[in-house]
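When we follow my numbering, the leftmost residue of the sequence shown carries the number 8, and every step to the right adds one. The beta-carbon is built from N, C-alpha and C at its ideal position, and this holds for glycine as well. Here's the structure, in structure tokens; my notes come after.
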Amino acid sequence: MIVIIIFLTAFYRVSGLLAGLALITYTLILIALVKMTGVVLTLASIAGVILSIGLAIDANILIFERMREALHDGK
């Protein structure tokens with residue numbers, strides 16, 4: 008996760024840093040919910056957690072690329 012945050016910050020600057028902070032917050036909230044509810048983490052649920060974090064990163068990258076294209080086009 009540290010490598011992903013470094014990449015986001017290097018490539019997208021301030022917005023990448025904010026996305027990294029949002030990713031850390033999302034992960035902490037997810038872990039807190041798992042601890043508070045007493046959910047048993049099986050291999051499938053761990054894979055689901057990893058996939059949800061990956062989808063959150065992908066959504067941020069898509070948003071940043073669309074913003075970059077819009078700024079480049081002068082919109």
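With residue i and residue j assumed to form a contact (beta carbons below 8 Å), what rounded beta-carbon distance in angstroms separates them?
i, j, result
"Ile53", "Leu30", "The Cβ separation is near 17 Å, so there is no contact."
"Thr34", "Ile60", "6 Å"
Identify which residue in the options has its Cα closest to the Cα of residue i.
i, options, result
"Met74", "Val47, Leu48, Met8 and Tyr19", "Tyr19"
"Gly40", "Leu28, Met8, Val56 and Ala51", "Per the sequence shown, residue 40 should be read as Leu rather than Gly. When only C-alpha atoms are compared, the closest one is Val56."
Between the beta-carbon of residue i and the beta-carbon of residue j, is there less than 9 Å?
i, j, result
"Ala17", "Asn67", "no"
With DSSP run on the structure shown, which of helix, strand or coil describes residue i?
i, result
"Leu48", "coil"
"Lys82", "coil"
"Met8", "coil"
Identify, in the order they occur along the chain, each residue of the same chain with its Cβ nearer than 6 Å to the Cβ of residue i, setting aside the five sequence neighbours on each side.
i, result
"Leu24", "Thr16"
Counting only the same chain and skipping the five closest in sequence on each side, list residues whose C-beta sits under 8 Å from that of residue i.
i, result
"Thr22", "It is Ser, not Thr, that sits at residue 22 in the sequence shown. Excluding residues within five positions, the ones whose Cβ falls inside 8 Å are Phe71 and Met74."
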